[in-house]
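Chemist:
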Amino acid sequence: MSDDEPVFIGIGEQPSGRYPNRPFMGDLVRVGVAAVADAGLAMSDIDTILLIPCLHSFADQADLVFSRVVEELGLSQRIKSSYLVHSGGSTSDNTIRDAAGLISSGHARNVLVLQAEKWGSAPVNEMIDMLTANGIPREWEKDSGLSFNAVGALITQRYMHASGSTPADMASVCVALRTWANLNPNAMYRDRTLSVEQVLASKMVTDPIRAMECPMLADGACALVLTSAGNARRLGRDRWVRIAGSGGCVSHYSIGQERDLAVLGWEKAAVEAYETAGWGPQDADIAEIYDSYAAVLASGMEGLGLAPKHEAARQFARGEFSPGGRLPTNTNGGLLSAGHTGVGGGTALLTEGVRQLLGRAGPERQVEGATRAVCGGSGGTYMDSQVLLLEGVSA
Amino acid sequence: MTSSNEVGMEALTEPYYAALRRGELVVQHCKACSRDIMYPRHLCPFCYGDDLSFVPASTRGVLHSFAVHRIGSPTGFENDLPYAVGVVKLADDVQFLARLWPDADGDWGGYACDAEVVFRAADAAEMQRRPVPWFGLPG
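Protein chains in written order, with the numbering used here: chain F, 46 to 440; chain P, 1473 to 1611.
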């Protein structure tokens, strides 16, 4: 492993859920301080801050652009560069690529990636209107009345048709995620169990999606610290996480233009990622794949080769991705049960992947010997499918 | 915040909206590469030609997927509930989002992915208000 290769060395996270008394900027600085301490660095070692946007407020997002975090962290005059990266739910993947490029090219030494969201405390109707009004060609398709849940429903309907999955199969995906959330003290639904019967008894919201199959908007915050492998060694770290492979595919802008709603861009994203990694889906120890709806996760599992085509939902129903199953998947509970923290849902999954590979997920949730993780993100109307293949490395 | 896209778009939108108001479905067509385009673009996305026109579209398509709104809608669609939207693919290799008419039972249980659907415009007032294609089951 070369000295200039980028590696993760630290993470930070605030619990997800409804925390109206936790201010946005307070979450950002707390989670940043936690991640830097976790990395064994001093805050003054950070020379670059990459920001993952919030969606709850344009003013708060503007604060990110105007480098408020730098000032709040007392890093004025010290930070070379602080900027926002944005591709919706896949932002974390793209931000890590940015961080990796900056480190390996020598433009940055220690990068702090920060994310916070207040979706759980924001007016829910405004947030849903914002999601609905954007990501659709206003002139051509907006007047059809498409809602954000309908985007998930179009994908789910197609997935169920193509795979022959039943409503109970789809519900079992949510149930599997809940069993993981019950092991995660930072998950929104850490204290509430869920059964297939409960999901199927909940109201139909947008056929074929029921109320308990919709993600709950949440507050949350995550941070990650990256440096070079050489620096990690000099710091005396005993374990870090390298980026073994990466691939992506932007498959559409409008959901009305997606050629196959049960496939999206996952298959194309997977090819380059596994080629560069030199290992395949059969070698993965864990998976952390975007899951704002069960069918999005199922299509991701199949497209990334983690489940046979058309079988992902049924394999969820058989417990293959649950605690104790063959491939622990979305071990934080995912967006569906840890909470949908906007752009941060993907960041939380990525943070969980790094946490697992660092061996810091705690006695209940840690996947023993986890070395290889497949992390997948998708943004906006699932317009892109992004994959990062991560590997834990011991000194 | 409105999109700057809305200014100067009439040249592109008006022929399309006008056809829908007449109860007709048109798609954009590139004269240079002879391909049909949906939704309409500023330049042909295949050859970047700018000699684009609108041509009558096939009125028969295949339903790729659909969703029925029952609870919750975008602002302005509250009184439409329940209603359905679908992704329709035409033989001309174009596809788009459309509204779906209820089936004979007044719901959407008669629809299925990959089923044939046919263009059937809404009344003039609805097309004036919201110029989008409407599709229904054949017959």
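A virtual CB, placed ideally from N, CA and C, is assigned to each residue, including glycine. Owing to the predicted nature of the structure, the values given are computational and were not obtained by experimental measurement.
Going along the chain, which residues of its own chain have a beta-carbon closer than 6 Å to the beta-carbon of F:Gly387, five neighbours each way excluded?
Modeler: As a position in the first sequence, residue 387 of chain F is number 342, starting the count at 1. Closer than 6 Å at Cβ, skipping near neighbours: Leu100, Glu162, Trp164.
Chemist: For F:Leu351, I'd like the list of residues in its chain whose CB is within less than 7 Å of its CB, leaving aside the five on either flank, ordered along the chain.
Modeler: Counted from its first residue, the first sequence places residue 351 of chain F at position 306. Pro326, Ala329, Ala332, Leu372, Val419, listed in sequence order.
Chemist: Between the beta-carbon of P:Ser1530 and the beta-carbon of P:Ala1563, is there less than 7 Å?
Modeler: As a first step, residue 1530 of chain P is located in the second sequence; it is residue number 58 there, counting from the start. As a first step, residue 1563 of chain P is located in the second sequence; it is residue number 91 there, counting from the start. Contact flag set, yes.
Chemist: Is the CB of F:Gly275 under 7 Å away from at least one CB in chain P?
Modeler: Counted from its first residue, the first sequence places residue 275 of chain F at position 230. F:Gly275 does not count as touching chain P.
Chemist: Within 8 Å, do at least three Cβ pairs link the region 1552-1570 of chain P to the region 296-303 of chain F?
Modeler: Yes, the region 296-303 of chain F is in contact with the region 1552-1570 of chain P.
Chemist: Just to confirm before moving on: does the CB-CB distance between F:Ser337 and F:Ala307 stay below 7 Å?
Modeler: Stepping through the first sequence from its first residue, residue 337 of chain F is reached at position 292. Stepping through the first sequence from its first residue, residue 307 of chain F is reached at position 262. It is not a contact, given that the beta carbons lie outside the stated cut-off.
Chemist: Run through the DSSP bridge pairs and tell me what F:Leu96 is partnered with.
Modeler: Stepping through the first sequence from its first residue, residue 96 of chain F is reached at position 51. DSSP lists F:Leu129, F:Leu159 as partners of F:Leu96.
Chemist: For P:Cys1585 and chain F, any beta-carbon pair shorter than 7 Å?
Modeler: Within the second sequence, the letter at position 113 stands for residue 1585 of chain P. Yes, P:Cys1585 counts as interfacial toward chain F.
Chemist: Leaving out the 5 sequence neighbours to the left and right, which residues in its chain are closer than 6 Å to P:Met1473 when beta-carbon positions are compared?
Modeler: Taking the second sequence and counting its residues from 1, one reaches residue 1473 of chain P at position 1. With a pLDDT of 44 at P:Met1473, under the threshold of 50, the modelled position of that residue is not reliable, and no figure is offered here.
Chemist: In the DSSP assignment, what residue or residues form a beta bridge with F:Ser430?
Modeler: As a working note, residue 430 of chain F is residue 385 in the first sequence. F:Ser430 is bridged to F:Cys294, F:Ser423.
Chemist: Check the Cβ-Cβ distances between F:Glu184 and every residue of chain P, and say whether any is below 7 Å.
Modeler: Walking along the first sequence from the start, residue 184 of chain F turns up at place 139. Answer yes: the Cβ-Cβ gap between F:Glu184 and chain P drops below 7 Å somewhere.
Chemist: Would you say F:Val445 lies against chain P (beta-carbon separation less than 7 Å)?
Modeler: Any answer about residue 445 of chain F is impossible in this case: the structure gives chain F only from 46 up to 440.
Chemist: For F:His152, which of helix, strand or coil comes out of DSSP?
Modeler: For the purposes of this step, residue 152 of chain F is taken as residue 107 along the first sequence, with counting starting at 1. Correct three-state label for F:His152: coil.
Chemist: Can you check whether the C-beta of P:His1541 is within less than 7 Å of a C-beta belonging to chain F?
Modeler: Translated into the one-based positions of the second sequence, residue 1541 of chain P becomes position 69. At least one chain F Cβ lies under 7 Å of P:His1541.
Chemist: Whole angstroms is fine: what's the gap from F:Arg63's alpha carbon to F:Gly197's?
Modeler: For the purposes of this step, residue 63 of chain F is taken as residue 18 along the first sequence, with counting starting at 1. For the purposes of this step, residue 197 of chain F is taken as residue 152 along the first sequence, with counting starting at 1. Looking at the two C-alpha atoms, the distance is approximately 23 Å.
Chemist: Report yes or no: do three or more beta-carbon pairs, one from the region 86-95 of chain F and one from the region 182-192 of chain F, lie closer than 8 Å?
Modeler: No, they do not touch.
Chemist: In this structure, does DSSP put F:Pro260 in helix, strand or coil?
Modeler: Residue mapping note: residue 260 of chain F aligns to position 215 of the first sequence, counting from 1. Coil.
Chemist: For F:Asn194, return the contacting residues in chain P, with the cut-off set at a CB-CB distance below 7 Å.
Modeler: One-based indexing of the first sequence puts residue 194 of chain F at position 149. Going along chain P in sequence order, the residues near F:Asn194 (Cβ under 7 Å) are Gly1544.
Chemist: Pick out whichever of F:Asn155, F:Gly398, F:Ala406 has its Cα sitting closest to the Cα of F:Arg417.
Modeler: Sequence index remark: in the first sequence, residue 417 of chain F carries index 372 (1-based). The residue with the shortest Cα to Cα distance from F:Arg417 is F:Gly398.
Chemist: Can you find a CB in chain P that lies within less than 7 Å of the CB of F:Val388?
Modeler: The sequence position of residue 388 of chain F within the first sequence is 343, counting from 1. For F:Val388, the answer is no, since every Cβ of chain P falls outside 7 Å of its Cβ.
Chemist: Starting from P:Ile1543, follow the alpha helix (DSSP H) in both directions and report where the run begins and ends.
Modeler: Taking the first residue of the second sequence as position 1, residue 1543 of chain P is located at position 71. Element bounds for P:Ile1543: n/a, residue is neither H nor E.
Chemist: Does F:Cys259 come within less than 7 Å of chain P when only Cβ atoms are used?
Modeler: Taking the first residue of the first sequence as position 1, residue 259 of chain F is located at position 214. No - not a single Cβ of chain P is within 7 Å of the one on F:Cys259.
Chemist: For P:Val1557, count the other beta carbons within 10 Å of its own beta carbon; 16 or more makes it buried, fewer makes it exposed. Which is it?
Modeler: If you number the second sequence from 1, residue 1557 of chain P lands on position 85. Buried is the call here.
Chemist: Work out the CA separation of P:Ala1587 and F:Val244 for me, nearest whole Å.
Modeler: Stepping through the first sequence from its first residue, residue 244 of chain F is reached at position 199. Stepping through the second sequence from its first residue, residue 1587 of chain P is reached at position 115. When rounded, the distance between both Cα atoms is 28 Å.
Chemist: Starting from P:Val1604, find everything on chain F with Cβ-Cβ shorter than 9 Å and list it in chain order.
Modeler: Position 132 of the second sequence, counted from the first residue, corresponds to residue 1604 of chain P. By Cβ distance, chain F contributes Trp185, Glu186, Lys187, Asp188, Ser189, Gly190.
Chemist: CB of F:Ile334 to nearest heavy atom of the ligand GDP: below 6 Å?
Modeler: Absent from the structure shown: the ligand GDP. Ligands present: none.
Chemist: For a cutoff of 7 Å on Cβ pairs, would you count F:Ala216 as touching chain P?
Modeler: Here residue 216 of chain F is taken as the residue at index 171 of the first sequence, counted from 1. So no, F:Ala216 is outside the interface.
Chemist: Alpha helix (DSSP H) containing F:Thr321: first to last residue?
Modeler: Working through the first sequence from its first residue, we reach residue 321 of chain F at position 276. Taken as a continuous stretch (DSSP letters only), the alpha helix (DSSP H) holding F:Thr321 covers 311-322.
Chemist: Check whether the Cβ of F:Arg203 lies closer than 7 Å to any Cβ atom in chain P.
Modeler: Numbered from 1 along the first sequence, position 158 holds the residue referred to as residue 203 of chain F. So, interface residue.
Chemist: Which of the residues in the region 1545-1577 of chain P, read from start to end, lie with their CB under 7 Å from any CB of chain F?
Modeler: For the region 1545-1577 of chain P, which is checked against every Cβ of chain F, the residues closer than 7 Å are Ser1545, Pro1546, Thr1547, Phe1549, Asp1552, Tyr1555, Val1557, Val1559, Gln1567, Phe1568, Leu1569, Ala1570, Arg1571.
Chemist: Please determine, among P:Leu1609, P:Gly1608, P:Phe1607, P:Arg1602, the residue with the shortest C-alpha to C-alpha distance to P:Thr1485.
Modeler: By 1-based counting over the second sequence, the position of residue 1485 of chain P is 13. Per the Cα distances, P:Arg1602.
Chemist: F:His206 CB to nearest chain P CB: under 7 Å?
Modeler: Position 161 of the first sequence, counted from the start, is the residue given in the question as residue 206 of chain F. Yes, its Cβ sits closer than 7 Å to a Cβ of chain P.
Chemist: Along the chain, where does the beta strand (DSSP E) that runs through P:Tyr1520 open and close?
Modeler: Within the second sequence, the letter at position 48 stands for residue 1520 of chain P. It is not in any beta strand (DSSP E) - P:Tyr1520 carries neither H nor E in the DSSP assignment.
Chemist: So, with DSSP's three-state summary, where would you put F:Met70?
Modeler: Along the first sequence, one-based indexing puts residue 70 of chain F at 25. DSSP places F:Met70 in helix when its eight states are reduced to three.
Chemist: With a threshold of 16 other CB atoms inside 10 Å of the CB of F:Pro98, please say whether the residue is buried or exposed.
Modeler: The count along the first sequence starts at 1 and reaches residue 98 of chain F at position 53. Answer is buried; the Cβ neighbour count reaches 16.
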